[in-house]
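Each residue of the first sequence is one higher than the one before, starting from 3 at the first, in the numbering used here.
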Amino acid sequence: MPELPEVETMCRGLRPIVGCRIEKVIRPKISVKPIRFQPEAERFCRELTGQRVDRIERRGKRVIVVLENGYVVFQPKMTGLVSLTDPPDPDHIRMKWLLGAVEKESEHQVSSGSIEVFFWDRRGLGTLSFWTAEQLEQHLGEGKLGPDALSISVDQMCERFRKTQRAVKVALLDQKLLAGVGNLYASEILHRIEVDPRTPCHRLKVVQWERLHQAMRDILEEAIRYEGSTLSDGTYRNALNQSGGYQNHHQVYDREGEVCRKCGKASIERIVQAQRATFFCPTCQRRAGKRG
DNA sequence: CATATGTCCTGAGAGC
DNA sequence: TGCTCTCAGGACATAT
């Protein structure tokens with residue numbers, strides 16, 4: 003499930019294509035249902051062909067390839083992957099680019115010859131869009147997508163979260179409030195600051211939002227250094243087709259019944275919030291007011 | 001407006 | 001061995 007660190011890793015892996023021209027856009031024939039393209043697939047491919055890649059950006063959990071004339075937005079959702087090497091299997095390649103060599107001198111210059119970019123998605127919930135600058139803001143601008151988790155300030159966070167009565171774990175997943183945190187990292191963040199995931203946002207104090215903000219940054223940055231988390235399904239890989247490393251550092255996610263690494267006593271519990279699994283330590287993350 | 005639920009999609013794994 | 005069933009969860013659509 004690519005969240006901010008995994009998507010950031012994909013973006014970094016794409017840097018070698020900056021300056022290259024998209025010579026061919028291919029949609030391999032596959033037996034599974036096609037993913038959603040916007041505009042529809044044939045026009046999408048036509049629009050991209052011949053364009054030069056200017057830069058790579060990320061907004062929350064989306065990869066944005068900025069072309070000389072338009073923006074390609076890839077939403078990996080659950081199992082999507084962008085890579086420069088062979089993806090996990092050939093049966094779920096949703097799109098492929100053949101790139102020409104770079105035109106100008108650049109710090110990311112690659113040797114001549116062809117580069118391939120693979121858009122792969124096993125479950126096919128992901129989407130690919132090609133938008134103008136105006137459409138990009140329409141779809142991903144303020145009001146649609148909250149501030150990115152790595153650039154939001156503490157004050158912004160307090161302001162956006164303190165109004166809601168929803169459980170803090172559930173609110174962290176709301177991309178309109180905050181972009182980039184998903185189910186895995188939300189549990190990890192709350193464990194680090196020892197807050198019960200069921201606590202309503204409006205009950206958290208300013209100092210706790212400060213801790214949450216700091217822990218969020220720390221954990222996301224650590225995870226980026228490890229190039230994300232590859233879960234047991236093995237789906238997620240970095241651009242060079244290697245597993246991430248952060249799964250070995252998870253404190254609670256997918257550790258139901260195992261001993262908490264912080265207190266060394268309690269075993270990690272799994273509950274369901276808003277139809278999603280939440281993992282936490284019942285000892286370290288006691289509800290406020292019940293401590294002692 | 002705020003919040004909750006249903007839907008999309010495939011493959012892995014459980015259970016019989 | 002092979003079948004059926006459940007589950008994983010991001011983002012959007014629809015309902016309350």
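Idealized CB from N, CA, C, for every residue including glycine.
- Close CB contacts of F282 within its chain, under the 8 angstroms cut and outside five residues either way in sequence, are with S189, L192, H193, D198, P199, V254, I270, E271, I273 (chain order).
- By the beta-carbon neighbour count (other beta carbons within 10 angstroms, threshold 16), H251 is exposed.
- Per the coordinates, the alpha-carbon of C47 lies some 35 angstroms from the alpha-carbon of L174.
- Membership of Q77 in the beta strand (DSSP E) is indicated by the continuous run 72-77.
- Inter-residue distance for V74 and Q40 is about 10 angstroms (C-alpha atoms, whole angstroms).
- Looking at the backbone, the Cα of E223 and that of P7 are separated by about 7 angstroms.
- Distance from S85 to W133 at the Cβ level is roughly 23 angstroms; contact not present, criterion being Cβ atoms closer than 8 angstroms.
- Boundaries of the alpha helix (DSSP H) harbouring K171: 170-174, taken from the DSSP string.
- Residue environment: T280 is assigned as buried (16 or more neighbouring CB atoms within 10 Å of its CB, all protein chains considered).
- Per DSSP, V208 is one residue of the alpha helix (DSSP H) stretching across 208-227.
- Annotation: E161 to L233 spans about 34 angstroms, alpha carbon to alpha carbon.
- Apart from sequence neighbours up to five positions away, the residues of its chain that approach M12 with a beta-carbon distance below 6 angstroms are V65, V84, ordered along the chain.
- Looking at the backbone, the Cα of Q167 and that of A217 are separated by about 22 angstroms.
- For T87, no beta strand (DSSP E) run applies, since DSSP gives it neither H nor E.
- With fewer than 16 other Cβ atoms inside 10 Å of its own Cβ, V209 counts as exposed.
- Bridge partners of Q253 according to DSSP: none are assigned.
- DSSP, read as helix, strand or coil, puts P7 in helix.
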